[in-house]
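First to last, the protein sequences are chains A and B. Sequential numbering of the first sequence, starting at 0, is according to numbering that gives the first Met the number 0. Sequential numbering of the second sequence, starting at 0, is according to numbering that gives the first Met the number 0.
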Amino acid sequence: MLQTTLSVPLDVKPESASRLNSLITAFRKAEDARDDPTAVNFGRLIEGIPTLHFFSMSVFEDSAYDPIFILEINCDGAPEPFLQELDRLAGSELRDMLRCCKEPLDGNAQLYREVTDEGSSVPIVPYLKAMTQAPSVFHHGNRGLRRSRIIEEAALFRDVRAELDTPEDNPYFGSTVPEIHKRLRDQMTSKFPWLAKEPEPRISKAERLMDIARLVSFAAVVLIVLSLPGVIAALIFSKFVYITAVIILFFVISYLLYRMHEPLPNTGVTTNFKLMRVITQQIPILFLLLSYPIIAGVLWLLQIGLRHAFGVSSQWAAPVTEIIVLGNLGLFVVIPGLVLWLRTLELNDSSLYKASIDPDKVAEILEHEDWVSQNHMGSIVHVRPGVLRTLIARFGHRGLGLLLRVKATEGYLGSMRTVHFAHWAFLNNHSRLLFFSNFDQSWGSYLDDFIEKAHVGLTLAWGCGVGFPPTRFLIYDGASHGRLFKNWALASRTVSRFWVSAYPDLSVDQIERNFRIASGLRKKELSPEEANEWARDL
Amino acid sequence: MSSWKLRKDVAEDTQGLIASGFGRLEHGMALFLETQPRSGGGWLKALQDALPATAAIETGGELLPFAASFAFTASGMRNLGLSDEELGSFSDPFREGMMQEDRLRRLGDRRRSEWLDTVIEGGPVWSGNVQPEAVEDNHADDATPVQTTTTVHALVLLYAQERKSVEAKTEEIEQLLISHDVSIVHRLALVLDVEEGRNISREHFGFADGISQPIPFDEPRPNSTETSAVEIDGNPAVEPDRVHGVRLGEILLGHVNGHQEIPPGPIVRDSADNPLPEQNEAIGFRDLGRNGSYMIVRQLHQDVAAFWNSMEEAANTLCTQNPTAENVDAKWVAEKVVGRGIDGRGLRPNGRIPDVDGEADNGFLYFDEDRHGTGCPLGSHVRRSNPRDSLAPKEDMKQTLLDAANNHRILRRTRKYGAKFDRKQKDDGQERGLLFICLNTDIARQFEFTQQTWLMNSDFSTLYEESDPLIGPDGEMTIPAEPLRYRAKVKTFVKLVGGEYFFMPSMSGLRYLAGL
Numbered sequence: 000m001l002q003t004t005l006s007v008p009l010d011v012k013p014e015s016a017s018r019l020n021s022l023i024t025a026f027r028k029a030e031d032a033r034d035d036p037t038a039v040n041f042g043r044l045i046e047g048i049p050t051l052h053f054f055s056m057s058v059f060e061d062s063a064y065d066p067i068f069i070l071e072i073n074c075d076g077a078p079e080p081f082l083q084e085l086d087r088l089a090g091s092e093l094r095d096m097l098r099c100c101k102e103p104l105d106g107n108a109q110l111y112r113e114v115t116d117e118g119s120s121v122p123i124v125p126y127l128k129a130m131t132q133a134p135s136v137f138h139h140g141n142r143g144l145r146r147s148r149i150i151e152e153a154a155l156f157r158d159v160r161a162e163l164d165t166p167e168d169n170p171y172f173g174s175t176v177p178e179i180h181k182r183l184r185d186q187m188t189s190k191f192p193w194l195a196k197e198p199e200p201r202i203s204k205a206e207r208l209m210d211i212a213r214l215v216s217f218a219a220v221v222l223i224v225l226s227l228p229g230v231i232a233a234l235i236f237s238k239f240v241y242i243t244a245v246i247i248l249f250f251v252i253s254y255l256l257y258r259m260h261e262p263l264p265n266t267g268v269t270t271n272f273k274l275m276r277v278i279t280q281q282i283p284i285l286f287l288l289l290s291y292p293i294i295a296g297v298l299w300l301l302q303i304g305l306r307h308a309f310g311v312s313s314q315w316a317a318p319v320t321e322i323i324v325l326g327n328l329g330l331f332v333v334i335p336g337l338v339l340w341l342r343t344l345e346l347n348d349s350s351l352y353k354a355s356i357d358p359d360k361v362a363e364i365l366e367h368e369d370w371v372s373q374n375h376m377g378s379i380v381h382v383r384p385g386v387l388r389t390l391i392a393r394f395g396h397r398g399l400g401l402l403l404r405v406k407a408t409e410g411y412l413g414s415m416r417t418v419h420f421a422h423w424a425f426l427n428n429h430s431r432l433l434f435f436s437n438f439d440q441s442w443g444s445y446l447d448d449f450i451e452k453a454h455v456g457l458t459l460a461w462g463c464g465v466g467f468p469p470t471r472f473l474i475y476d477g478a479s480h481g482r483l484f485k486n487w488a489l490a491s492r493t494v495s496r497f498w499v500s501a502y503p504d505l506s507v508d509q510i511e512r513n514f515r516i517a518s519g520l521r522k523k524e525l526s527p528e529e530a531n532e533w534a535r536d537l
Numbered sequence: 000m001s002s003w004k005l006r007k008d009v010a011e012d013t014q015g016l017i018a019s020g021f022g023r024l025e026h027g028m029a030l031f032l033e034t035q036p037r038s039g040g041g042w043l044k045a046l047q048d049a050l051p052a053t054a055a056i057e058t059g060g061e062l063l064p065f066a067a068s069f070a071f072t073a074s075g076m077r078n079l080g081l082s083d084e085e086l087g088s089f090s091d092p093f094r095e096g097m098m099q100e101d102r103l104r105r106l107g108d109r110r111r112s113e114w115l116d117t118v119i120e121g122g123p124v125w126s127g128n129v130q131p132e133a134v135e136d137n138h139a140d141d142a143t144p145v146q147t148t149t150t151v152h153a154l155v156l157l158y159a160q161e162r163k164s165v166e167a168k169t170e171e172i173e174q175l176l177i178s179h180d181v182s183i184v185h186r187l188a189l190v191l192d193v194e195e196g197r198n199i200s201r202e203h204f205g206f207a208d209g210i211s212q213p214i215p216f217d218e219p220r221p222n223s224t225e226t227s228a229v230e231i232d233g234n235p236a237v238e239p240d241r242v243h244g245v246r247l248g249e250i251l252l253g254h255v256n257g258h259q260e261i262p263p264g265p266i267v268r269d270s271a272d273n274p275l276p277e278q279n280e281a282i283g284f285r286d287l288g289r290n291g292s293y294m295i296v297r298q299l300h301q302d303v304a305a306f307w308n309s310m311e312e313a314a315n316t317l318c319t320q321n322p323t324a325e326n327v328d329a330k331w332v333a334e335k336v337v338g339r340g341i342d343g344r345g346l347r348p349n350g351r352i353p354d355v356d357g358e359a360d361n362g363f364l365y366f367d368e369d370r371h372g373t374g375c376p377l378g379s380h381v382r383r384s385n386p387r388d389s390l391a392p393k394e395d396m397k398q399t400l401l402d403a404a405n406n407h408r409i410l411r412r413t414r415k416y417g418a419k420f421d422r423k424q425k426d427d428g429q430e431r432g433l434l435f436i437c438l439n440t441d442i443a444r445q446f447e448f449t450q451q452t453w454l455m456n457s458d459f460s461t462l463y464e465e466s467d468p469l470i471g472p473d474g475e476m477t478i479p480a481e482p483l484r485y486r487a488k489v490k491t492f493v494k495l496v497g498g499e500y501f502f503m504p505s506m507s508g509l510r511y512l513a514g515l
């Protein structure tokens with residue numbers, strides 16, 4: 000994987016929270032060079048940490064928990080080089096910040112003491128690494144593009160633009176696309192010699208295979224776990240009793256579900272989302288149907304193999320296949336049963352109609368926003384309690400995370416492509432859910448995008464949060480309650496007190512556009528179709 | 000043009016400006032009033048006797064001698080006598096005002112305590128001077144809140160067929176207001192200039208304005224006994240228009256909006272003889288919001304000579320760059336900047352969108368007809384103001400993106416002010432421009448989104464480092480063409496003179512306020 004996303008959550012000594020906040024603000028002010036028009040803003044960090052994409056430090060207050068200090072890191076490659084450079088550039092400031100945090104109660108206490116002792120110069124990297132939290136779901140908008148490549152391709156874009164804008168004796172106008180391509184390529188290759196080199200693949204074949212294998216294995220494990228009750232029941236009862244019971248239970252549960260399918264009064268939101276269309280488009284039904292003969296075939300071959308190798312002569316393949324098929328038949332009861340359980344919970348869940356929003360905090364959030372066309376948000380919500388909710392939150396996140404790796408390779412979440420780096424992570428024994436995002440445009444438009452274009456995935460990922468707007472069958476309504484959802488999300492936010500982007504003027508879309516232009520210039524010749532498409536990006 | 004109407008009971012309680020731009024009353028006057036602290040509603044009552052607000056029910060029938068609309072800023076509401084608790088029930092943007100520092104940054108007017116080039120020199124001259132709530136913050140880098148020299152508490156929009164009737168009425172009410180200690184601190188004579196034959200009016204640069212408007216519909220909620228609050232051709236409008244359909248609650252408070260809920264609106268304490276409807280959510284309060292709307296007003300100075308000079312210059316540069324260019328002249332560049340032909344028709348890769356029944360066809364979409372913007376440029380003013388389905392990355396996402404865009408629509412009631420100016424004339428230094436007026440129920444999601452995420456957004460539609468070529472600052476504009484795009488230099492032609500967020504109450508709301 001070319002990019003890494005992680006966070007380092009650290010509990011704060013409550014009495015030191017305000018000191019920590021002022022240390023972060025002071026650090027930001029020291030790094031912020033916006034008064035100097037000749038300097039790169041936050042240049043010391045951006046240039047000093049060559050793997051940095053986005054980095055933030057924020058403190059979250061919560062009436063049910065002590066404050067928590069979180070470093071959010073989005074970088075190229077492994078986190079160590081990032082942390083080492085960070086330590087080199089800001090070690091003493093970070094050490095002061097760590098002194099405002101609690102000493103961990105586990106084995107990391109020793110590391111903490113070594114780092115924070117008076118006058119200590121022990122590297123902070125091992126401690127931060129030990130406290131690192133892996134994300135439950137993450138998304139990379141420009142996947143597989145190293146920072147250096149993003150910046151090089153942006154420089155190429157500027158040069159291409161200037162070249163095409165030559166005011167007089169412009170050779171490009173009046174030329175055909177192949178002529179434009181050839182001339183530009185000749186002009187640019189000397190200045191950008193990397194154009195002649197084979198680029199690093201954004202997603203290597205091995206990585207792609209691993210992503211798919213992980214998702215398929217996850218789906219298989221879920222399927223096996225869900226079919227276990229059926230397998231056990233099929234072993235206990237006669238086939239006739241079992242199948243009859245499955246049919247009866249299926250209809251009973253379906254009837255109960257039908258009775259509960261309506262939204263709660265005045266909470267239904269109609270959208271364009273069609274579940275059946277998605278299922279039929281996304282899940283290879285044919286593959287599922289074919290899977291049984293494949294399983295049977297594999298078992299049969301195994302049986303033959305065992306007989307030849309060890310002389311085992313028993314006929315077990317057929318009965319095992321039958322049990323598997325019967326067990327999966329049980330899914331017609333298990334899955335609707337779980338949905339029924341979920342729906343019962345949903346009908347009795349409390350949703351927050353008036354999230355408690357602190358106007359001072361919001362004013363401070365707004366002050367930090369909309370300075371460049373990228374923005375940042377950090378949020379923590381509490382996770383709804385209960386066995387089923389916990390399972391859905393954990394498995395749902397795992398599945399969504401794996402699915403995103405396979406599906407969202409072009410940066411699109413639904414039809415939105417404004418997210419550079421985003422991730423969710425569970426905190427405090429899965430009782431709280433952290434969310435960080437580095438996105439293009441305003442926070443309001445970002446949330447509107449979610450509401451209008453990616454509400455299903457979002458409801459799935461965030462619906463486990465306490466106070467989330469009423470959901471229906473896990474994916475309906477929820478985030479489509481635009482105002483409720485926005486207020487809920489706003490209430491969970493904190494001030495992005497320190498936040499730095501290595502390329503603040505580049506949107507996800509623009510980075511992809513630069514990539515397409517560069518890719519076109521790398522090629523000696525383009526097909527007529529490719530060429531026209533390429534020229535449109537210029 | 001669709002002719003939608005409000006259901007009778009709603010139309011009786013809604014100010015006419017929602018339902019109509021009073022197109023048959025060509026002349027208008029915008030009167031900006033300053034009232035006294037704690038003056039109450041006495042002046043409003045007297046004013047209403049002389050110039051009653053026009054209700055929506057009165058529009059569309061016989062020609063009215065006068066039409067009038069009334070709206071108030073947050074500071075104006077305070078002067079009328081609303082309590083802190085009641086003022087707190089208005090939306091945040093309204094309470095904080097347009098001149099709040101962070102908001103000005105998002106709107107593209109001001110940055111780090113400096114006015115940008117899209118604002119007249121020295122900063123806007125009028126606003127509501129809505130004091131921001133005292134926030135104890137030691138972290139604020141910013142200085143004191145923005146204050147304009149002129150303070151506006153209320154806006155009266157007056158319309159009639161003749162200029163002289165407007166002027167006579169203005170004089171009459173000015174005398175009346177003086178006697179109530181209310182002064183007219185700013186006024187603008189408005190004109191519509193409807194073109195004979197083709198039902199369009201042109202702004203000063205010469206382009207048809209106000210063509211594209213949302214068309215409301217109202218789908219009664221399940222189990223509700225109410226019928227649709229909107230009618231089209233006498234039938235209940237329960238389905239959205241294919242291109243411009245928005246729920247009524249997007250432009251009128253008290254009705255279901257794009258998020259499929261009743262948008263929150265202001266409420267006031269219950270009192271004896273209160274003409275306002277009850278508020279079901281807040282027991283003990285009355286609904287001041289229902290059938291009212293938030294009105295955004297921005298006075299925009301237009302430098303017509305500069306605009307056409309700049310178009311001329313840009314055309315010359317492009318022709319030098321590409322000597323083989325055909326038809327590239329000032330008008331061609333201007334049409335690309337605006338995104339519409341000077342004849343009012345939409346631009347298409349191979350010409351113009353044909354008229355329908357002699358009027359410009361506004362039922363068009365972009366994705367299928369002009370996906371890459373070789374007709375109507377991706378970054379043109381018209382396409383930025385309402386991208387329709389243009390931002391869809393793929394064929395099967397057209398509807399989602401069209402629906403998404405329609406969640407950010409505004410109802411425009413703009414008119415121009417100042418003398419006409421021919422583009423071939425020399426600059427006369429006269430003040431002229433647009434009094435941009437629009438109505439919506441969620442200022443942040445509708446007006447501010449349009450301004451920030453569409454018009455001024457430097458990344459809009461995979462463009463880079465350019466904003467709206469018509470109302471934005473100096474910069475570049477990409478004009479897609481085959482095989483190679485042009486990039487034209489554009490300057491700043493439109494500058495903010497003053498602006499504020501207003502609340503336009505319902506008819507019963509006006510009666511309530513007049514009784515304070």
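Beta carbons are placed, not taken as given, at the ideal position from N, Cα and C, and that holds for glycine. All values reported here derive from a predicted model rather than from experimental measurement.
Item, Value
"In its own chain, which residues sit with a C-beta less than 8 Å from the C-beta of glycine 385 of chain A, not counting the 5 before and 5 after it?", "Leu344"
"Name the DSSP bridge partner or partners of tyrosine 500 of chain B?", "B:Ile295"
"Output the distance between the C-alpha atoms of glutamate 85 of chain B and glutamate 25 of chain B, rounded to the nearest integer angstrom.", "37 Å"
"Round the Cβ separation of leucine 194 of chain A and leucine 520 of chain A to the nearest angstrom and send it over; I've been treating them as touching at under 8 Å.", "5 Å"
"Please return the same chain residues whose Cβ sits closer than 7 Å to the Cβ of arginine 512 of chain A, not counting the five positions on each side in sequence.", "Asp536"
"Just the Cα atoms here: how many angstroms apart are lysine 494 of chain B and aspartate 473 of chain B?", "12 Å"
"Between B:Gly80, B:Gly340, B:Gly338, which lies nearest to glycine 41 of chain B when the distance is taken from Cα to Cα?", "B:Gly80"
"Using only CA atoms, which one of B:Asp402, B:Glu61, B:Asn456, B:Gly20 lies nearest to serine 200 of chain B?", "B:Gly20"
"Can you have a look at aspartate 356 of chain B and say buried or exposed, based on whether 16 or more other CB atoms are within 10 angstroms of its CB?", "exposed"
"Going by other Cβ atoms of all chains shown within 10 Å of its Cβ, with 16 needed for buried, is tryptophan 453 of chain B buried or exposed?", "buried"
"Which residues in chain B have a C-beta closer than 7 Å to the C-beta of arginine 179 of chain A? List them in chain order.", "A small fix is needed here, since residue 179 of chain A is isoleucine in this sequence, not arginine. Neighbours of isoleucine 179 of chain A on chain B, chain order: Pro482, Leu483."
"Applying the criterion that 16 or more other CB atoms from any shown protein chain within 10 Å of the CB defines a buried residue, is glutamate 430 of chain B buried or exposed?", "exposed"
"Among A:Gln373, A:Phe449, A:Asn20, A:Leu339, which has the Cα closest to the Cα of leucine 248 of chain A?", "A:Leu339"
"Are the CB atoms of methionine 503 of chain B and glutamine 14 of chain B within a distance shorter than 8 Å?", "yes"
"If you count every other CB in all the chains shown that lies within 10 Å of the CB of glycine 244 of chain B, and 16 or more means buried, which is it?", "buried"
"Using a Cβ cut-off of 8 Å, pull out every chain B residue sitting near aspartate 508 of chain A, in sequence order please.", "Asp458, Thr461"
"Using a threshold of 8 Å, state whether the C-beta atoms of histidine 300 of chain B and glycine 432 of chain B are closer than that.", "yes"
"Does alanine 139 of chain B come within less than 8 Å of chain A when only Cβ atoms are used?", "Low per-residue confidence applies at alanine 139 of chain B: pLDDT is 49, beneath 50, and the placement is therefore not dependable, though the value from the model is reported in the following sentence. Yes - at least one Cβ of chain A is within 8 Å of the one on alanine 139 of chain B."
"Which residues in the same chain have their Cβ closer than 6 Å to the Cβ of tryptophan 498 of chain A, if we skip the five residues on either side of it in sequence?", "Ser55, His375"
"Please report whether the beta-carbon of arginine 486 of chain B lies at a distance below 8 Å from any beta-carbon of chain A.", "yes"
"At the level of alpha carbons, what is the spacing between alanine 362 of chain A and threonine 440 of chain B?", "22 Å"
"Checking the sheet assignment: what are the DSSP bridge partners for arginine 486 of chain B?", "B:Thr477"
"Can a CB atom of chain D be found closer than 8 Å to the CB of histidine 480 of chain A?", "The structure shown has no chain D; the protein chains it does contain are A and B."
"Please list the residues of the segment 433-460 of chain B that have a C-beta atom closer than 7 Å to any C-beta atom in chain A, keeping them in chain order.", "Ala443, Arg444, Phe448, Gln451, Thr452, Asn456, Ser457, Asp458"
"Taking all protein chains shown into account, do 16 or more other C-beta atoms lie within 10 angstroms of the C-beta of serine 189 of chain A, making it buried, or fewer, making it exposed?", "exposed"
"Starting from the C-beta of glutamate 132 of chain B, find all residues in its chain whose C-beta is less than 7 Å away, skip the five residues before and the five after it, and write them out in chain order.", "Any reading at glutamate 132 of chain B is ruled out, since the residue's pLDDT is 48, under 50, leaving its predicted position unreliable."
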